[in-house]
Amino acid sequence: MQKDLPKLLVITSCTGKKASKPDNQLVQEDFKQPELLKSKTEKLDNYKCTAENMYTGEQHIRLMKGIKKLREKQANVDLWIVSAGYGFIGSNKEIVPYECTFDTMKAKEIDEWSKLLKIPKDFRSVLGKYDLGIVLLGKKYLRSLQIEKNEQFSIPLIFFCSQEKQLNGSNGTIYPTSIQEAKDFHCGLVGLKGEIFKRFAQHVCQKTNILNTLKKQPKEIVTILNTMRKANNSQHKKDKDLGNLPKGYKLSEKCPFELRLGLPTDYKPPKRVEIAYTPRKDAKMLYFIPEWDDRVDPRYDFINDFHYSELFGLQHDSYRDDYYSHELMKQYNYDGILVSKVTIEESKKKKQLVESLGIHAYLRCPKEVPVMGDCGAFGYLNEYNPPYTTEEIIDYYERLDFNYGVTIDHLIVPSVCQRKTYWVENKNGNYEPISKDKFESISKDKKYRVVKSPPKSSDLFDNRLCTYQKTEFDFSEAKRRWQITLDHGKEFINLYKQKKYNFKPIAACQGWDADSYTKMFEEYQQLGYSYIALGSLVRSQTETIIEILTSIDKIRKPETRIHLFGIGRLDAISNFINLGVYSCDSASQLRRAWLSARDNFWSTYDKRYSAIRVPQAKIGNPRIKKMLEQERGCLQEFVKLEKAALKALRNFDQGSLSLEETLKYVLEYDQFVGDNREKHERLYEELLRDCPWKTTNNSICEKNGIEVAIFRGNNRNRRRGFHNTHVFFQEFKQATQ
27 MQKDLPKLLV
37 ITSCTGKKAS
47 KPDNQLVQED
57 FKQPELLKSK
67 TEKLDNYKCT
77 AENMYTGEQH
87 IRLMKGIKKL
97 REKQANVDLW
107 IVSAGYGFIG
117 SNKEIVPYEC
127 TFDTMKAKEI
137 DEWSKLLKIP
147 KDFRSVLGKY
157 DLGIVLLGKK
167 YLRSLQIEKN
177 EQFSIPLIFF
187 CSQEKQLNGS
197 NGTIYPTSIQ
207 EAKDFHCGLV
217 GLKGEIFKRF
227 AQHVCQKTNI
237 LNTLKKQPKE
247 IVTILNTMRK
257 ANNSQHKKDK
267 DLGNLPKGYK
277 LSEKCPFELR
287 LGLPTDYKPP
297 KRVEIAYTPR
307 KDAKMLYFIP
317 EWDDRVDPRY
327 DFINDFHYSE
337 LFGLQHDSYR
347 DDYYSHELMK
357 QYNYDGILVS
367 KVTIEESKKK
377 KQLVESLGIH
387 AYLRCPKEVP
397 VMGDCGAFGY
407 LNEYNPPYTT
417 EEIIDYYERL
427 DFNYGVTIDH
437 LIVPSVCQRK
447 TYWVENKNGN
457 YEPISKDKFE
467 SISKDKKYRV
477 VKSPPKSSDL
487 FDNRLCTYQK
497 TEFDFSEAKR
507 RWQITLDHGK
517 EFINLYKQKK
527 YNFKPIAACQ
537 GWDADSYTKM
547 FEEYQQLGYS
557 YIALGSLVRS
567 QTETIIEILT
577 SIDKIRKPET
587 RIHLFGIGRL
597 DAISNFINLG
607 VYSCDSASQL
617 RRAWLSARDN
627 FWSTYDKRYS
637 AIRVPQAKIG
647 NPRIKKMLEQ
657 ERGCLQEFVK
667 LEKAALKALR
677 NFDQGSLSLE
687 ETLKYVLEYD
697 QFVGDNREKH
707 ERLYEELLRD
717 CPWKTTNNSI
727 CEKNGIEVAI
737 FRGNNRNRRR
747 GFHNTHVFFQ
757 EFKQATQ
């Protein structure tokens, strides 16, 4: 690379994701106290690394690829980082993990904290050492620089950011990083600035004179990047067949679903047809089903327990080989689908598919099917803060074509909002608070007796002093999570109103009692939300939910709709509708098919049966393994009993074997693998006597018969779950028409 190239300054922000996240990482308060900061930093010495290696967020990772490219070409480039903990720091500064970000601060807080960290001063003092600068900062981090109106920077500065008012009148050049740029560069908003810089750096490595051009004419960056953007779009269309899909997939021009590549010519993939959707326009309440990868192999061989693809020596691929419920049943047993971001990010492959196909094509349904997106707060329940930014979530909803997008929330449930205190009885019979360590220590001392609550008299325990732990609801933590949820809701609607988006916003409402829910609900209405979802109520009694809804109803505007997360209680539907509930989601009836010990086969909503358990006789089965270890039989014997039970059930279904004989074969195997033989005998007899799979009006039972009533593996259990959902939805429709 040329030796006379300008000295380039690159400025980026710290990221929430870091190389390590120990429990004792630094927090904002630590940076206010030098002695405490020094002490805690020493304890984190094992986690110390350079700033450029500490951050692992998407923008930083993409940016570093560009920086490394330039370094390889011996370009004169330095990276500086705006850190909400350490201030304005060079990329080689050694730091330890911390939890502090400008993204959660209000404008006044940013101004005060950035001034305390000397960010504005250090930023300006560094500029004079360089010839050209590129700044990659979001709105709040840009504010930390405290750029004055009409400020004239000492060097040409190019800002990758939104059209920020902070830069009005300055001599800085803006290259916008909005949703349109994200679509054109085929990258999410979170990593967009880093992606643009990476591509720019690659371009510089090929045409080194670009930096000299930008030093003289910084506004040329717009022309350069737009040319790259146009070329990228053209190339992406040529590469559309593969895009960013996982290996083995491609997009079809005829159908928005994937086809297979590199498979045997005699293997025919499952036929994909788009299932037409008809909305229930007269429905008083809608039902959304959560997406949890609930699919089955439409050509599963029940006799040999084989996936169709395995007949060709192929490894079964759940997404490519399986059908969703609506594909299998050729109808929708729900009004819409709820998809949580955390479930999409469970695997790299799934994330690639969703990002490439879009949410409707991934779910194999037309765009008329309402798809609601949320963050999936259960997935980060134990985190101190949600792992997403509002800007990132809005981009995610818009880019993937969600119909509805829910704001970021933080669950308020007992498991995370509780405080434990520890008490010990003194010689006067009174109880004093002690530390957890002391409690654990004296709990092992025979002089003390551990109790659940203070007894009326210590004489009951041979005069030994008592000690106990007390669990209380932690209102301070609940209020903190409540405020986080509300702040995200405010930021969401403000950003949403700035641009035209295709999805409709839903505010996530959290609380711990009727008053806290009502207060947040009222604030959301004042902000302009007309669709509000109540969370953290899954384990609440119906009476509690109705109490909260009744309180909300007093201030609810007639046009404001309510969604209930995780609650689909048919016996309360009429009450919910009267109190403004417009939609709900639940997968309990689906998951009961394999998670419920009994009542896992629904005939009607109020009539349920227990599916017959015939687990596979193989060493991987814990019960079979236990029997073998106890020498209570051999594997060949168990396989023989298993096959006899399955054969008997199929013969019974065809009418060639009596109920009594069938039950005998089933129970003979069940005595080795069942929990309670007497209970099973009664439950199985009831199922076989009523044969509910013969009276239900759906394609699954008609095609598969008694296989649906056998508790055994995914392809039977999930089919039964689809059947249960069908029964539930029929009841739901009757209650909501």
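Just add 26 to the spot in the sequence shown (first one is 1) and you have the working numbering.
Just so you know, even glycine gets a beta-carbon here, dropped at the ideal spot from N, CA and C.
Here the structure is a predicted model, which means the values were calculated and not measured.
Given a cut-off of 7 Å, decide if residue j and residue i are closer than it, judged by their beta-carbon atoms.
| i | j | result |
| --- | --- | --- |
| Glu-125 | Val-53 | yes |
| Leu-162 | Phe-186 | yes |
| Leu-426 | Ile-385 | yes |
| Gly-606 | Ile-588 | yes |
| Leu-153 | Gly-113 | no |
| Thr-544 | Ser-566 | no |
| Leu-683 | Val-640 | no |
| Tyr-73 | Ser-46 | yes |
| Leu-312 | Asp-361 | yes |
| Ile-107 | Thr-41 | no |
| Asp-400 | Thr-511 | no |
| Tyr-448 | Tyr-358 | no |
| Phe-627 | Ile-650 | no |
| Ile-599 | Ala-761 | yes |
| Tyr-326 | Asn-647 | no |
So, helix, strand or coil for residue i, using DSSP?
| i | result |
| --- | --- |
| Met-398 | strand |
| Ile-645 | coil |
| Pro-322 | It is Val, not Pro, that sits at residue 322 in the sequence shown. It is a strand residue. |
| Arg-708 | helix |
| Asp-541 | helix |
| Asp-267 | Note that Asp-267 has pLDDT 39, beneath the 50 cutoff, so the model's placement of it is unreliable and the number below is only indicative. In this structure, Asp-267 counts as coil in the three-state DSSP scheme. |
| Arg-676 | helix |
| Gly-362 | strand |
| Val-665 | helix |
| Val-122 | coil |
| Tyr-430 | strand |
| Lys-44 | strand |
| Arg-445 | strand |
| Asp-129 | helix |
| Lys-280 | Caution is warranted here: a pLDDT of 40 is assigned to Lys-280, below 50, making its placement in the model unreliable, and the coordinate value is therefore given only provisionally. Coil, per DSSP. |
| Tyr-1 | Shown here, the chain extends from 27 to 763; a query on residue 1 therefore has no answer. |
| Lys-393 | coil |
| Leu-560 | strand |
| Tyr-303 | coil |
| Gly-383 | First, the amino acid is wrong: residue 383 is Leu here, not Gly. It is helical. |
| His-262 | For His-262, the predicted model reports a pLDDT of 48, less than 50, meaning its position is unreliable and no value from the coordinates is stated. |
| Cys-187 | strand |
| Ile-736 | strand |
| Ser-39 | strand |
| Phe-518 | helix |
| Pro-202 | strand |
| Cys-727 | helix |
| Asp-30 | coil |
Mind checking which residues open and close the alpha helix (DSSP H) that includes residue i?
| i | result |
| --- | --- |
| Pro-316 | That residue, Pro-316, is in no alpha helix (DSSP H); its beta strand (DSSP E) goes 312-316. |
| Gly-92 | 84-98 |
| Lys-166 | 165-169 |
| Leu-354 | 351-355 |
| Ala-533 | Ala-533 -> not in any alpha helix (DSSP H); beta strand (DSSP E) instead, spanning 530-535. |
| Thr-67 | 60-69 |
| Pro-146 | 145-153 |
| Arg-298 | Here Arg-298 belongs to no alpha helix (DSSP H), and DSSP marks it neither H nor E. |
Verify the CB distance criterion: does residue i have a CB-CB separation below 7 Å to chain D?
| i | result |
| --- | --- |
| Leu-237 | Chain labels in this structure do not include chain D; a single protein chain is all it has. |
Starting from residue i, trace the beta strand (DSSP E) both ways and give me its first and last residue.
| i | result |
| --- | --- |
| Glu-458 | 457-460 |
| Val-103 | 103-109 |
| Tyr-474 | 474-476 |
| Cys-492 | 491-499 |
| Val-161 | 158-162 |
| Gly-116 | 113-116 |
Counting only runs that start and end within the segment 580-663, where is the alpha helix (DSSP H) found for 4 or more residues in a row? 599-604, 614-621, 648-655
Inspect the CB distances between the segment 626-635 and the segment 715-727 and report whether three or more fall short of 8 Å. yes
Would you call the segment 360-378 and the segment 330-339 in contact, with 3 or more CB pairs under 8 Å? no
Does the structure place the segment 607-625 close enough to the segment 733-748 that three or more beta carbon pairs sit under 8 Å? yes
When you compare the segment 382-397 with the segment 428-445, are there three or more beta-carbon pairs, one atom per stretch, that lie closer than 8 Å? yes
Check whether the segment 406-421 touches the segment 452-462, taking contact to mean three or more Cβ pairs, one atom from each stretch, closer than 8 Å. No contact exists between the segment 406-421 and the segment 452-462.
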